[in-house]
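*Asks:* One structure is given below, represented as structure tokens, and several questions about it will come after.
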Amino acid sequence: MPRYLYFSLLVIGTVILSACSGSGSPGTPFTPDVTPQAVSTGNHHVWASFDIVFDTENETAEIVWKRSAEKHFNVIGFMQPPSCSNCIVITDASYQPNLQKWSIEIQFKNPTNLTGYDVRAVLTEPGGNKVLINPGGVTQEWGAPMQFVAIGDMATRLFAPQAIHKHWLVFYFPPGETWKNVSYIVDAHYPGHVPEPLVENGESDDLVNN
Numbered sequence: 009m010p011r012y013l014y015f016s017l018l019v020i021g022t023v024i025l026s027a028c029s030g031s032g033s034p035g036t037p038f039t040p041d042v043t044p045q046a047v048s049t050g051n052h053h054v055w056a057s058f059d060i061v062f063d064t065e066n067e068t069a070e071i072v073w074k075r076s077a078e079k080h081f082n083v084i085g086f087m088q089p090p091s092c093s094n095c096i097v098i099t100d101a102s103y104q105p106n107l108q109k110w111s112i113e114i115q116f117k118n119p120t121n122l123t124g125y126d127v128r129a130v131l132t133e134p135g136g137n138k139v140l141i142n143p144g145g146v147t148q149e150w151g152a153p154m155q156f157v158a159i160g161d162m163a164t165r166l167f168a169p170q171a172i173h174k175h176w177l178v179f180y181f182p183p184g185e186t187w188k189n190v191s192y193i194v195d196a197h198y199p200g201h202v203p204e205p206l207v208e209n210g211e212s213d214d215l216v217n218n
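Position in the sequence shown counted from 1, then plus 8, gives you our numbering.
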């Protein structure tokens, strides 16, 4: 065999072996996976994490962004600064000391071009023994049973792009309850609705609902 032909076959063989080695397709260059890990569990995406801070003296409440929860829930942050400064705002609040109830109206806006399914404000930490007495249901998607309010609460349970919804949250403060913040996340599911069963009537307590 001519020397130059032997050398050519050796080079070709080396190239073929190099392309076929490894787990990738032959000849396909390796590219690292740089896709953001936006899904915390299943197809759930957390769009925001925040606290509600109560001020009994002035009968007001405010939203404080809960940065400490961002890593735990893998928060994307579509509905909170710096992505959006007015996507979650308190529009009204009142305190009834004789009934030990706080009523807070919150406005939610979808700033994205995504349609969220079963988008919910989930009460992750009541800050003591406080009870949300008008929940839309209970979810165990994040571990322990947690009360939630469905933001897109029409029959289709959709939160359309640029849509705005308002909801009242009514909290009962048992005697001696502290004024610790309550903590929320806003979770969205896409594509499609949540696979878990939804308890539509939520949790109810005759004592606080009378």
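We put the beta carbon where it would ideally sit given N, CA and C, even for glycine.
Note that the structure is predicted; figures quoted are calculated from it, not measured.
1. For ASP59, I'd like the list of residues in its chain whose CB is within less than 6 Å of its CB, leaving aside the five on either flank, ordered along the chain.
2. I need the straight-line Cα distance from VAL202 to GLU67, nearest angstrom please.
3. So, helix, strand or coil for ARG75, using DSSP?
4. What did DSSP end up calling LEU55 once you bin it into helix, strand or coil?
5. Return helix, strand or coil for LEU122, following the three-state DSSP convention.
6. Mind checking whether VAL54 and ASP195 have CB atoms under 8 Å apart?
7. Skipping 5 residues on each side, what residues in its chain have a beta carbon closer than 7 Å to that of GLU133?
8. Please state whether the Cβ-Cβ distance between LYS174 and THR64 is less than 8 Å.
9. With a 10 Å radius around its C-beta and 16 neighbouring C-beta atoms as the bar for buried, classify GLN88 as buried or exposed.
10. Looking only at C-alpha atoms, which of THR186, PHE179, TYR198, GLY200 sits nearest to TRP112?
11. State yes or no: is the C-beta of VAL130 within less than 8 Å of the C-beta of PHE156?
12. For PRO119, which residues from the same chain have a beta carbon less than 8 Å from its beta carbon, with the 5 sequence-adjacent residues on both sides left out?
13. Would you decide whether ALA56 is buried or exposed? Buried here means 16 or more other CB atoms lie within 10 Å of its CB.
14. On the CB-based measure, 16 or more other CB atoms within 10 Å of its CB, does ILE172 come out buried or exposed?
15. Which one or two residues does DSSP pair with TYR198 in a beta bridge?
16. When DSSP builds the beta bridges, which residues end up paired with LEU177?
17. Locate the beta strand (DSSP E) running through PHE86, then write down its first and last residues.
18. Measure how close the beta-carbons of ALA158 and GLY144 come, nearest whole angstrom, since I'm counting them as under 8 Å.
19. Does the Cβ of ALA152 have 16 or more other Cβ atoms within 10 Å, making it buried, or fewer, making it exposed?
*Replies:* Answer, in terms of the structure:
1. VAL72, LYS74, ASN189, SER191
2. 36 Å
3. helix
4. Residue identity differs from the one stated: residue 55 is Trp in this sequence, not Leu. TRP55: strand per DSSP, three-state reduction.
5. coil
6. yes
7. VAL190, SER191
8. no
9. buried
10. Per the sequence shown, residue 112 should be read as Ile rather than Trp. Ranking THR186, PHE179, TYR198, GLY200 by Cα distance to ILE112 puts PHE179 first.
11. yes
12. PHE86, MET87, SER91, CYS92, CYS95, GLN170
13. buried
14. exposed
15. Answer by DSSP bridge pairing: none, since TYR198 is not bridged.
16. ILE112
17. Looking at the DSSP string, PHE86 is not in any beta strand (DSSP E), and its letter there is neither H nor E.
18. 4 Å
19. exposed
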